[in-house]
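J.:
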Amino acid sequence: MRRFDESIRFLSYPKPHISGQQRFIERLEEYLRMHSLEPRTLGVTDYDMDAPLKAIRRLMLEFNGLITVAFRRSLIVEAKIRANTDLPEIQESRMTDGWLSSPYCQIEPAMAYQLGLPVLVLREKGVIQGDCWKKALLAPICQNSPWMMKLSITWSRTSGMP
Numbered sequence: 218m219r220r221f222d223e224s225i226r227f228l229s230y231p232k233p234h235i236s237g238q239q240r241f242i243e244r245l246e247e248y249l250r251m252h253s254l255e256p257r258t259l260g261v262t263d264y265d266m267d268a269p270l271k272a273i274r275r276l277m278l279e280f281n282g283l284i285t286v287a288f289r290r291s292l293i294v295e296a297k298i299r300a301n302t303d304l305p306e307i308q309e310s311r312m313t314d315g316w317l318s319s320p321y322c323q324i325e326p327a328m329a330y331q332l333g334l335p336v337l338v339l340r341e342k343g344v345i346q347g348d349c350w351k352k353a354l355l356a357p358i359c360q361n362s363p364w365m366m367k368l369s370i371t372w373s374r375t376s377g378m379p
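First residue of the sequence shown? That's 218 in our numbering, and the numbers climb one at a time after it.
(1) So does the region 322-337 actually touch the region 232-239, counting three or more Cβ pairs closer than 8 angstroms?
(2) Where do the N-terminal and C-terminal ends of the beta strand (DSSP E) with I298 fall, by residue?
(3) Ignore the nearest five residues each way along the sequence and tell me which others in M312's own chain have a CB closer than 7 angstroms to its CB.
(4) In the structure shown, what three-state DSSP assignment does F288 receive?
(5) Going by Cα to Cα distance, which pick from Q239, A287, L317 is closest to S229?
(6) Should M277 be labelled buried (16 or more other beta-carbon atoms within 10 Å of its own) or exposed?
(7) Assuming R289 and E243 are in contact, meaning their beta carbons sit under 8 angstroms apart, how far apart are those beta carbons, in whole angstroms?
(8) Which residue marks the beginning of the beta strand (DSSP E) containing S310, and which one marks its end?
(9) Write down the C-beta distance between E325 and I273 rounded to the nearest angstrom, noting that I regard them as a contact closer than 8 angstroms.
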C-alpha cells in the first residue's frame with residue numbers, strides 16, 4: 218500500500234475561470250510544497266499526447282495520491298431530476314441553482330481508488346455532490362479529513378468566494 222505522505226501528488230482541477238479559484242490553486246500548491254509534497258498536474262507540469270484517460274492512468278501509476286479540486290464550472294439554473302418518470306416508486310424532483318464541475322472530478326478519484334491510491338476531494342461550495350462522492354467509499358475519507366477541513370476554511374477566508 219502506498220503512503221499518502223510521500224512526495225509526489227497528482228493535483229487535478231478544472232481550469233480556473235474566476236480569480237478566487239486561481240488564487241486557491243496557487244495557495245494549495247504553495248501549501249503542498251511547504252510540506253514537501255510536490256504537486257503534478259496533467260497539462261501544467263506533465264504533458265501527454267495519449268487519449269486523456271490513458272494519460273491519466275499512466276500518470277496515476279507514478280503518483281502516491283490524488284487531490285482533486287472540484288471547481289464550479291456550469292450553473293444549472295433549473296433542472297428536473299428523473300423527468301417524466303413512469304415508475305411508481307420513483308419521483309420526479311427539481312433542482313435550482315446548482316453547479317457542476319468537470320466530469321474528471323469524479324472520474325479521476327474513481328480511477329485512483331481502483332489503483333489503491335489515497336484520495337482527497339475538495340469541492341467548491343455549491344458544486345453538486347455527485348453520486349461518486351455521495352455513496353462511494355471515497356465519502357468517508359473526504360468527510361473525516363482534518364486537513365481538508367483546514368483547507369476549506371482557508372479557502373473561504375482568503376478567496377472571498379461564498
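The beta-carbon is built from N, C-alpha and C at its ideal position, and this holds for glycine as well. A quick note: this is a predicted structure, and the numbers were derived from the prediction, not measured.
T.: On the basis of the data shown:
(1) Result no; under three Cβ-Cβ pairs closer than 8 angstroms.
(2) 291-298
(3) I293, A296, I298
(4) coil
(5) A287
(6) buried
(7) Their Cβ separation, rounded to whole angstroms, is 18 angstroms, which puts R289 and E243 out of contact at 8 angstroms.
(8) 310-317
(9) 6 angstroms
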